[in-house]
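Read the structure below first, then the notes.
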Amino acid sequence: MSGPVLVLVAGDAGAPSRAALQAIGAARGLAEALGVPLEGVATADVADAARRYLPHVHRVEAPPHAAGWTAVLAAAQEARAASAVVLSATRSGAAVAPRVAVRTGGALLEDVVTLAADGGAVVGDRLAHLQRVRETVRATAAPAVVTTKVGAFAPADPAAAEGEVADLPLPADPAAPHVTVERTDAVAGDRVPLEEAPVVVTGGRGLGGAEAFDAWVVPLADALGGAVGATRAAVDAGWRPYDEQIGQTGRTVAPDVYLSLGVSGAVQHLSGMNRSGLIVAVDHDPDAPIFAHCDVGVVADAHAFAPALLAALKD
Amino acid sequence: MKIVTVVRRVPDVEARVEVDGGDVRVSGAAWSLDGMDEYGVEQALRMREGGLDAEVVALAVGPADTEEVLRTALAMGADRARLLVADDADVGDVLARARLLADAIREEGADLVLTGGKQADADSAALGPALAEHLGWPLADWTTHLELDGTQVRAVHDGDAGPETLAFALPAVVTTQQGLAEPRYPTLPNIMKAKRKPLDVADAPPATPVTNVVGRAPERRERARRMLDGSLEDQARELARVLREGAA
Ligand SMILES: Cc1cc2nc3c(=O)[nH]c(=O)nc-3n(C[C@H](O)[C@H](O)[C@H](O)COP(=O)(O)OP(=O)(O)OC[C@H]3O[C@@H](n4cnc5c(N)ncnc54)[C@H](O)[C@@H]3O)c2cc1C
Ligand SMILES: Nc1ncnc2c1ncn2[C@@H]1O[C@H](COP(=O)(O)O)[C@@H](O)[C@H]1O
Chain A
0 MSGPVLVLVA
10 GDAGAPSRAA
20 LQAIGAARGL
30 AEALGVPLEG
40 VATADVADAA
50 RRYLPHVHRV
60 EAPPHAAGWT
70 AVLAAAQEAR
80 AASAVVLSAT
90 RSGAAVAPRV
100 AVRTGGALLE
110 DVVTLAADGG
120 AVVGDRLAHL
130 QRVRETVRAT
140 AAPAVVTTKV
150 GAFAPADPAA
160 AEGEVADLPL
170 PADPAAPHVT
180 VERTDAVAGD
190 RVPLEEAPVV
200 VTGGRGLGGA
210 EAFDAWVVPL
220 ADALGGAVGA
230 TRAAVDAGWR
240 PYDEQIGQTG
250 RTVAPDVYLS
260 LGVSGAVQHL
270 SGMNRSGLIV
280 AVDHDPDAPI
290 FAHCDVGVVA
300 DAHAFAPALL
310 AALKD
Chain B
0 MKIVTVVRRV
10 PDVEARVEVD
20 GGDVRVSGAA
30 WSLDGMDEYG
40 VEQALRMREG
50 GLDAEVVALA
60 VGPADTEEVL
70 RTALAMGADR
80 ARLLVADDAD
90 VGDVLARARL
100 LADAIREEGA
110 DLVLTGGKQA
120 DADSAALGPA
130 LAEHLGWPLA
140 DWTTHLELDG
150 TQVRAVHDGD
160 AGPETLAFAL
170 PAVVTTQQGL
180 AEPRYPTLPN
190 IMKAKRKPLD
200 VADAPPATPV
210 TNVVGRAPER
220 RERARRMLDG
230 SLEDQARELA
240 RVLREGAA
């Protein structure tokens, strides 16, 4: 196939999300390597902002639920005979991409950290075994449906010239399995979402209770312009909501700076944060496994150290 | 009503994972039932124990010794198990595995399929979505709460922006998330009983992979591992500097 690379430009409040800009960055590189055009797919609220990054943006109607994106992307792939479809491996992206690959008869490259072309084939590296093994995967069917790991690619810079936007009429999908969203409980507060945050401050069981999160973790995250994370132990204890959990069963983050307090560093936790830029760990046990996986370590009681750090940050 | 729980054998968390000439080798503790699949087995059992008239069937595609984790599912309380024998290298990828499983699920005439939200070996979250697509069924992924009312399902799952409540009708595919149902430990009598429960073993039909793994390497990022010293205040000041500059 020599059709374009299509990239889904997800966004909110009228702008592409940081994760979407990363997907655009990855897709741009792939389109160049394949020697094919790059085109975006976006809903009306994001299309105008998306044209700053892409030579052509297909404006589509927002489907009612994540599953609806399967029909939209599969139809867009067919309409454009796209050689690849690229989207970010957010929760919804990770759920939609396999369905698009099955529906289009294509290949799935899931959660890649690199993306390239090799003799016309799409190739990407991904991490397996709780992020301990790097696999190089080559698509042997077309189109290649690719999800890009959040944080793994540099966000795209705006292009030299603004692209054009045009409606892409797509056939409705009468056979779509029906899922109704009855209710969305968006994460409260005005802190940046975890996956988009440049800084993540995570607390673990070592903090001893919800009060310590309120007293130290939240203020530290605010002081650093970041988001709050938690380990499973902290979530299971009811100190923090599930959607702040980082790790195998939680979110995967790769902020510029990751600061953990009272987190031991279990493999299931490491697999959710070990691609972070700078990892800083505070734990009172010098033998805590996290110290083998950090750039800067502090052996201290979190209850004594956190206020000192807050004070130092305010200086 | 029939519930199929799709399970997988993964390296135990205590196992060391090494890459040897492009193959992944697992040493130390052996293999176990994927923790996220366990949530699915547990959820099926709880629905049955809650009064639902359901047969619970554990299903897997994998090498012959996947039998062990199917026995674990039986010991937890599943009624019956089925193994399609194929080496992972022959199955090739998650989409090919989903196709084999979807055919078996259709044969079973399942009403509800439960499987893990993310497999601990491939780090893949694609199995549930791919199954739903092959079957043409609704999907709830990363599900933390599941309720059945006849054939109507209400599920709470983790969406991009936080928890979402979804409504849909059976048949459907549901993938698990921590919090759905903390799995029980099989008791010794139930482990004994599981040995006599039916476990069908048959060769899997040929698979049709759409990707090829052309290389594997250990992923290790060297970290500076700099430990701060001095008084608490000194360390706090130095860490504040590091955090502001974003570099050690
Ligand atoms: C299927 C499965 C999935 C899982 N998924 C996840 C996941 O997504 N995310 C996750 O995090 N875990 C996950 N886990 C659990 C994981 O194995 C660990 O149990 C968990 O990460 C431990 O959390 P923790 O570090 O907060 O607690 P602990 O391991 O108990 O560590 C607490 C740390 O705090 C330190 N400490 C104690 N008091 C103080 C103090 N006053 N000051 C400073 N330090 C102190 C201790 O020295 C210790 O290092 C999963 C497990 C399974 C089986
Ligand atoms: N995903 C991971 N990221 C960083 N370190 C890890 C990860 N998984 C395991 N480790 C640690 O690496 C050490 C050796 O693991 P292994 O390489 O699996 O033998 C263990 O003590 C683990 O704590």
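For the record, the sequence lines run as chains A and B.
Numbering follows numbering that gives the first Met the number 0, in which position 110 of the first sequence is assigned residue number 109; successive positions increment by one, without gaps.
Numbering follows numbering that gives the first Met the number 0, in which position 139 of the second sequence is assigned residue number 138; successive positions increment by one, without gaps.
Beta carbons: idealized from backbone N, C-alpha and C, even for Gly.
For residue 195/A, three-class secondary structure by DSSP:
helix
Note down, one range per segment and in chain order, each alpha helix (DSSP H) of at least 4 residues found wholly within the segment 229-276 of chain A.
231-235 and 266-269
In its own chain, which residues sit with a C-beta less than 6 Å from the C-beta of residue 259/A, not counting the 5 before and 5 after it?
201 and 280
9 Å Cβ cutoff, residue 226/B in contact with chain A
yes
Taking CB distances under 9 Å as the criterion, tell me whether residue 105/A reaches chain B.
yes
Cutoff 9 Å: residue 268/A Cβ touching any chain B Cβ:
no
What does the shell around ligand 1 hold, if a residue joins when its beta-carbon is under 5 Å from any heavy atom?
203/A, 204/A, 205/A, 230/A, 231/A, 232/A, 246/A, 247/A, 248/A, 249/A, 261/A, 262/A, 263/A, 265/A, 267/A, 268/A, 282/A, 283/A, 284/A, 287/A, 300/A, 301/A and 34/B
Report yes or no: do three or more beta-carbon pairs, one from the segment 259-271 of chain A and one from the segment 125-137 of chain A, lie closer than 8 Å?
yes
Under the rule that 16 or more other beta-carbon atoms within 10 Å means buried, what is residue 132/B, buried or exposed?
buried
Residue 35/B, buried or exposed, once every other Cβ within 10 Å from all chains shown has been counted against 16
buried
Residues in the segment 239-256 of chain A with C-beta within 7 Å of chain B's C-beta atoms, listed in sequence order?
241, 242, 247, 248, 255 and 256
Count the CB pairs spanning the segment 164-176 of chain B and the segment 132-147 of chain B that are closer than 8 Å, and state whether there are at least three.
yes
Hey, residue 256/A and residue 223/A: beta-carbon distance below 9 Å or not?
yes
State the Cα-Cα distance for the pair residue 291/A and residue 238/A, rounded to the nearest angstrom.
26 Å
Answer yes or no: do residue 244/A and residue 150/A have a C-beta to C-beta separation smaller than 9 Å?
no
What residue range does the alpha helix (DSSP H) around residue 218/A cover?
217-222
Ends of the alpha helix (DSSP H) at residue 68/A?
67-79
Exposed unless 16 or more other CB atoms sit within 10 angstroms - verdict on residue 57/A
buried
Contact criterion: CB-CB distance below 9 Å. Does residue 113/A meet it with respect to chain B?
no
What does a CB cutoff of less than 7 Å around residue 129/B pick up in its chain, not counting 5 residues either side in sequence?
93, 94 and 97
Under a CB-based cut-off of 9 Å, is residue 128/A close to chain B?
yes
Taking DSSP as the reference, what is the three-state secondary structure of residue 126/A?
strand
When you compare the CB of residue 97/A with every CB in chain B, is at least one pair closer than 9 Å?
yes
With distances taken from CA atoms, which of 69/A, 155/A, 91/A and 163/A is nearest residue 170/A?
69/A
Between the C-alpha atoms of residue 23/A and residue 160/A, what's the straight-line distance to the nearest angstrom?
15 Å
With 8 Å as the limit, tell me which residues of the segment 129-142 of chain B have their beta carbon closer than that to any beta carbon of chain A; keep them in chain order.
129, 131, 132, 133, 135, 136, 137, 138, 139, 140 and 141
Can you grab the Cα-Cα spacing for the pair residue 116/B / residue 296/A, in whole Å?
33 Å
Tell me, to the nearest whole angstrom, how far the beta carbon of residue 113/B is from that of residue 39/B; I am working on the premise that it is less than 8 Å.
3 Å
Compute the distance between the beta-carbons of residue 82/A and residue 4/A, then report whether it is under 9 Å.
yes
Assess contact between the segment 213-227 of chain B and the segment 185-197 of chain B, defined as three or more Cβ pairs (one per stretch) separated by less than 8 Å. Is contact present?
no
Can you say whether residue 176/A is buried or exposed, counting buried as having 16 or more other CB atoms within 10 angstroms of its CB?
buried
Do residue 59/A and residue 76/A have their C-beta atoms within less than 9 Å of each other?
no
Could you give the first and the last residue of the continuous beta strand (DSSP E) run that contains residue 23/A?
No beta strand (DSSP E) holds residue 23/A; the alpha helix (DSSP H) holding it covers 17-33.
Any C-beta of chain A under 9 Å from that of residue 42/B:
no
Residue 297/A, enclosing beta strand (DSSP E) - first and last residue
295-298
Within 10 Å of its beta-carbon, does residue 187/B have 16 or more other beta-carbons around it, so buried, or fewer, so exposed?
exposed
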